[in-house]
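**Q** Which chain is which? The protein sequence lines are S and L, in order. Note that the first sequence covers residues 0 to 112 in numbering that gives the first Met the number 0. Note that the second sequence covers residues 0 to 112 in numbering that gives the first Met the number 0. Built from N, CA and C at the ideal position, the CB exists for glycine as well. None of these values were measured; they are calculated from a predicted model. The structure that follows is given in the form of structure tokens.
2 protein chains.
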Amino acid sequence: MKRTDFKNCSCAMQRSMGILGTRWKPIIIYTLRDRKARFGQLDALIENISRKVLTSSLKELEEDGIILREEFKELPPRVEYALTEKGKALIPIMCQLAKWNEEYYEESEPLIL
Amino acid sequence: MKRTDFKNCSCAMQRSMGILGTRWKPIIIYTLRDRKARFGQLDALIENISRKVLTSSLKELEEDGIILREEFKELPPRVEYALTEKGKALIPIMCQLAKWNEEYYEESEPLIL
DNA sequence: TAAAGTAGTTACCTTTGCGTAACTATCAAA
DNA sequence: TTTGATAGTTACGCAAAGGTAACTACTTTA
């Protein structure tokens, strides 16, 4: 089952996963929760992401109406990425997902101090 | 970057994605939001999932403390899957993800009637 | 004796996601 | 003329995710 098939499912959860169901996309959205950011900033803000994954994820998120790409005709060129209304509606959900992990982190992976 | 590396990141969102960042896992959790279910029931309830993906996803979700596998020594054998406390804490988040798609579905994919 | 139901496993294969590194284009400044 | 900055793209390849189909083991029922 391809990504596009997920997006046409009868189940709303499956459709959501067609848009968000990868490792990096929710992290990108979470990073844009309180700021616009340029390509290079996202690359720096998100630990360990590669430019290639960033490129393709941003492109797909734009196709799915989650983020907006704004290109400024300046030199050197500047491009800013920001969440759309549809994307902004995900902010509280993404924040809860991060908070969820903080609450249950110690339980599953005991830290040695 | 492997799944296990995500789970040890310093960013809580990245850790969450180490556990949940696939197409099918959130759908499985969502399906268990209001009921326990047996293997065969999950297979029937979740459209288009394969038994193989179901097997491996259930195994990893159990390792990560999200679901509980309860085996009854009956004949024919019965196994029930249910959310743990850690898994139950995800229910409202998963429901919001489904609701989010319902709200924005028409905007992105106009239906022909 | 054969079929049916439960809960998977196994082998094999394809697709997607992701990583690394080198490369492009543009212009300004040194 | 070379360097630097921005914002990517491209080629190559590996590993993980996912799909298909056949098979196992057990017992009850027909």
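(1) Using the DSSP secondary-structure output, state which residues sit across from Tyr80 (chain S) in a beta bridge.
(2) Could you tell me the distance, in whole angstroms, from the CA atom of Leu57 (chain L) to the CA atom of Ile18 (chain L)?
(3) Given a limit of 9 angstroms on CB to CB distance, which residues of the region 3-24 of chain L reach chain S?
(4) Taking beta-carbon pairs under 8 angstroms, can you tell me which members of the region 70-88 of chain L lie near chain S?
(5) Going by C-alpha distance, which of L:Thr83, L:Ser9 and L:Arg22 is nearest Arg34 (chain L)?
(6) Could you give the first and the last residue of the continuous alpha helix (DSSP H) run that contains Asp122 (chain L)?
(7) Contact criterion: CB-CB distance below 8 angstroms. Does Ile26 (chain L) meet it with respect to chain S?
(8) Using only alpha-carbon positions, find the residue among L:Tyr104, L:Phe5 and L:Lys6 that is nearest to Gly64 (chain S).
(9) For Cys94 (chain L), which three-state DSSP category applies?
(10) Using a beta-carbon distance below 8 angstroms, is Glu46 (chain L) in contact with chain S?
**A** According to the structure shown:
(1) S:Ala36 and S:Arg68
(2) 12 angstroms
(3) Asp4, Phe5, Lys6, Asn7, Cys8, Ser9, Cys10, Ala11, Met12, Gln13, Arg14, Ser15, Met16, Gly17, Ile18, Leu19, Gly20, Thr21, Arg22, Trp23 and Lys24
(4) Lys85 and Ala88
(5) L:Thr83
(6) One cannot answer for residue 122 (chain L) here, as it falls past the ends of chain L, which runs 0 to 112.
(7) yes
(8) L:Tyr104
(9) helix
(10) yes
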